[in-house]
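Since the structure comes first, as structure tokens, the remarks are kept for the end.
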Amino acid sequence: MTRPRYGIGLRLLVVNSLVVLAGIATTSVVAAIVGPPMFRRLMDQQVSPGAGNDHPYERAFRDATAMSIGFAVAVSALAALTLSWYLSHRVHRSATSLSQAASAVADGNYDIRVPPPRLGKEFDAVAAAFNKMAQRLGAVDEARRQMLADLAHEIRTPVAVLEAYMEAVEDGVQQLDQQTVATLRDQTRRLTRFSIDVNALSVAESRTTSIDARSVSPADLVATAVAAFAPRYQTKGVILSSHADDGLPNVWADPERMGQVLSNLLDNALRHTGPGGQVTVTAAATGTGATIAVADTGDGVPVEHLDRLFDRFYRADAARDRQHGGAGIGLSIAKALVEAHEGRIEAHSAGHAAGTTFTVSLPRPSDHPENATGQRPG
């Protein structure tokens, strides 16, 4: 047998009604026990009792007391029950509104919001938390849709090129010469690189990345990254320079993973800096460790886009970035890896054509108890 389930409004009304009934019973009992003896004692002091030791005013007192208590109880009970009903109704309405909104969110409607019930800061906090959750879920769903669209676009372009060339070769329109093979190979490499980047992002964001952290020199990290990219920068005609402050403290980092972070930042700077431009990598000490900054004199980023630069597949200028070969993943990978080191990464730009600076902050080895073993899971 299923037990009946009552709503919170009815439950509150019943509880408040029981409180009112308890108050009525307490008032009646106290008045009946305390009132008559007290009245008799006062009357004995003022008036001599009549026959049967009875005062002529005692019956009138009992009647007046009963009527007064009855009237007071009726008025107070009506007021209390009315107030209880009002509060119960408001709580019930707010709970119902929240329940309906939760059902709507479960059905995929992330635009719904619930107003604050004004029943206290706790209820308002619940409503605010729900609205924040719905907003976040909407943003996640929109990012998922955009990610699927970007994935489809990134895959569709090279696949379309491959299909067109293969049909041309089959129809005899295009010869399978060295240039055709080079084009086919370039598109397959693009697909391979894209799949590797997507997998790297998935691993980095899953927090299962293995971080072989140890005490390393920021200057060494900078020197290694700059040396690896120097030929590419020279080929494009972009000036690449570096500088490390004297007396830099070591940081707690995985050299391989931080090399991947700096590679993504240097690759991003190279793609957005034209010939004759300059990219500077600097390492500086901070109160809690050190920072590594990659600053370019390239395209720059509008201020309104800075907060989303590290979102997956996000591009401030989608057409330009696709032309430069970017899939909008490199910065997301860099952010995930830096956060796995318990560091942070920030982007700064004054706007279009004003250049961009990415700053990575890493902690000192002394801030990590793991430095005794040199191992820490991400």
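Letter 308 of the sequence shown, counting from 1, is numbered 308 in the UniProt record's numbering, and no numbers are missing. Backbone N, C-alpha and C define an ideal beta-carbon position, used for all residues, glycine too. A quick note: this is a predicted structure, and the numbers were derived from the prediction, not measured.
| Check | Outcome |
| --- | --- |
| Could you give the DSSP three-state label for Q323: helix, strand or coil? | Only weak support exists for where Q323 lies, its pLDDT of 49 falling under 50; the value from the coordinates is given anyway. Correct three-state label for Q323: helix. |
| With DSSP collapsed to three states, give me the class of A80. | helix |
| Checking the sheet assignment: what are the DSSP bridge partners for V216? | V251 |
| Return helix, strand or coil for I333, following the three-state DSSP convention. | helix |
| What residue ranges within the segment 255-308 form continuous beta strand (DSSP E) runs of no fewer than 3 residues, ordered along the chain? | 278-285, 289-296 |
| Cα separation between D307 and V169? | 46 Å |
| Classify Y86 as buried or exposed, calling it buried when 16 or more other Cβ atoms lie within 10 Å of its own Cβ. | exposed |
| Taking buried to mean at least 16 other C-beta atoms within 10 Å of its own C-beta, is P115 buried or exposed? | exposed |
| What do you reckon, are the CB atoms on V281 and S242 nearer than 8 Å? | yes |
| For I112, which of helix, strand or coil comes out of DSSP? | coil |
| Compute the beta-carbon to beta-carbon distance between L265 and V294, rounded to the nearest angstrom, for a pair I have assumed lies under 8 Å. | 4 Å |
| Per DSSP, which one or two residues make a beta bridge with H348? | T357 |
| Taking residue 381 and G259 to be in contact with their CB atoms under 8 Å, please state how far apart those CB atoms are, rounded to whole angstroms. | No information on residue 381 is available, as it lies outside the stretch 1 to 378 that the chain covers here. |
| Classify H341 as helix, strand or coil using the three-state DSSP reduction. | coil |
| Would the segment 194-203 count as touching the segment 228-237 if we require 3 or more Cβ pairs under 8 Å? | no |
| Could you tell me which residues DSSP pairs with P117 in its beta bridges? | None, per the DSSP bridge assignment. |
| Closest to G70 by C-alpha separation, out of A340, L21, A149, would be which residue? | L21 |
| G330 to V173, Cα distance in whole Å? | 38 Å |
| Using the C-alpha atoms, what's the distance from P117 back to A290? | 48 Å |
| Anyone know if the C-beta pair for S17 and L98 falls short of 8 Å? | no |
| What did DSSP end up calling L98 once you bin it into helix, strand or coil? | helix |
| A143 and R364: beta carbons closer than 8 Å? | no |
| Quick test of the definition: if touching needs 3 or more C-beta pairs under 8 Å, does the segment 213-220 touch the segment 298-306? | no |
| What does the alpha-carbon distance come out to for the pair Q179 and T188? | 14 Å |
| Would DSSP call L87 helix, strand or coil? | helix |
| Hey, out of A244, Y233, G247, whose CA is closest to H272's CA? | Y233 |
| Does the distance from the C-beta atom of E346 to that of T359 stay below 8 Å? | yes |
| Which residue comes first and which comes last in the beta strand (DSSP E) that contains S242? | 239-244 |
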